[in-house]
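What follows is a short report on a single structure.
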Amino acid sequence: MIKTREFKEHNYRAIWYNGKTIRIALNPDKPITELDYPEFYDVKITGYCEGECPWCYMDSKKTDSHYENIIQKIKGYFGSMTKNQRPFQVAIGGGEPTDHPDFIESLKTFKELGIEPNYTTNGMWVDSDNNIEILAATKKYCGGVAVSCHPHLSWKRVAKILWSQDAKLNFHIIISDKPSIDYFKEIYDEWNKSVDYFVLLPYGNQGRAEEKDIDWEYLLKVLPDDHSKIAFGANFYSYLIQGNHNIKVSLYEPEIMSKFLDLEDMGLYKSSFNLMERI
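In terms of UniProt numbering, the sequence shown opens at residue 1 and continues consecutively.
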């Protein structure tokens, strides 16, 4: 399915097909400016998570609650937009989104609105009572799944199952010190023929995460020569623009094409990494 969007006031036109977005500046001599209606939303549907990651930047816990009335909220927020205003796709997260009792219905709702749903998961649902239903809904409705490759969780099982079902598979990997970078390299060497993108996320001092340094120079040494399957989280932008590398960098600052929506109170933010500046 091909989808298009255009905002002349932002010098912006985009074409979306099969998970890929092509952006066109209407006036090639001017930049595309920040969109009032972004082409991508991160959507938080729960604070609940059993992973207990010590570095969780959302501070998600198994004592947290699932958000209420998420289907009505999704329909009310995105359903009120015109087709041109609606995003191409969303990434559903939390917490662990698959634990929400309305998770599957949320995938279906976004799909019916003409918005491609994706989700991020720790993969622990592989042992849940409704794992067959989640897998079937993933295959029916989802564009892709991002698996968080945390070393204390058994994420490989769910990754192998998703791959066997031809799911578009991405890996999210936290980058900080040398051991974390070596861990990424091990994962890359094992999985690079099976995964669409390895998304490297810089460790952030947010939520319950303690402060850590990021060994950028070592990461540059370890990165494979072929960067075609490497994607960098928005908070790596300040490192990337330093220019001491051969990595291709977007002309646009992070988050001018995306936003973070918290369905608990319908708070809209530029990013899930900055919850102090509500829009």
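Beta carbons: idealized from backbone N, C-alpha and C, even for Gly.
As the structure is a prediction and not an experimental result, all values here were calculated from the model.
For residue i, which option in the options has the closest C-alpha, if you only look at C-alpha atoms?
{"i": "L240", "options": "N18, E217, K229, I173", "result": "E217"}
{"i": "L261", "options": "P54, N11, R5, G94", "result": "G94"}
{"i": "A234", "options": "D226, K156, Y252", "result": "Y252"}
{"i": "K3", "options": "Y17, R13, E9, N11", "result": "Y17"}
{"i": "D36", "options": "N244, P87, G243, W191", "result": "P87"}
{"i": "I214", "options": "C149, F198, S238, L162", "result": "S238"}
{"i": "I24", "options": "Y203, K30, Y12", "result": "Y12"}
{"i": "G243", "options": "L220, E264, Y203, D166", "result": "L220"}
{"i": "E255", "options": "I247, I279, A146", "result": "I279"}
{"i": "D42", "options": "I115, N84, D226, L162", "result": "I115"}
{"i": "F7", "options": "D29, P38, K20, M1", "result": "P38"}
{"i": "E96", "options": "Y48, Q85, I71", "result": "Y48"}
{"i": "I92", "options": "N84, K139, F103", "result": "F103"}
{"i": "C56", "options": "Q85, I174, Y119", "result": "I174"}
Just to confirm the assignment, what range does the alpha helix (DSSP H) spanning residue i have?
{"i": "E6", "result": "First-last for E6: 2 to 7, but that is the beta strand (DSSP E), not the alpha helix (DSSP H)."}
{"i": "E34", "result": "First-last for E34: undefined, no H or E at that position."}
{"i": "P87", "result": "It is not in any alpha helix (DSSP H) - P87 carries neither H nor E in the DSSP assignment."}
{"i": "N131", "result": "131 to 141"}
{"i": "K221", "result": "216 to 222"}
{"i": "P151", "result": "First-last for P151: undefined, no H or E at that position."}
Should residue i be labelled buried (16 or more other beta-carbon atoms within 10 Å of its own) or exposed?
{"i": "K270", "result": "buried"}
{"i": "K44", "result": "buried"}
{"i": "Q89", "result": "buried"}
{"i": "A136", "result": "exposed"}
{"i": "P54", "result": "exposed"}
{"i": "N170", "result": "buried"}
Over the uninterrupted beta strand (DSSP E) stretch that includes residue i, give me the two end residues.
{"i": "A14", "result": "12 to 17"}
{"i": "E116", "result": "116 to 121"}
{"i": "F103", "result": "No beta strand (DSSP E) contains F103, which is instead part of the alpha helix (DSSP H) from 103 to 112."}
Is there a Cβ from chain D that is less than 8 Å from the Cβ of residue i?
{"i": "F88", "result": "In the displayed structure, chain D is absent; only one protein chain is listed."}
| query | Any contact of the region 167 to 180 with the region 67 to 84, i.e. 3+ C-beta pairs under 8 Å? | reply | no
| field | Given 8 Å, three or more beta-carbon pairs between the region 153 to 168 and the region 121 to 134 | value | yes
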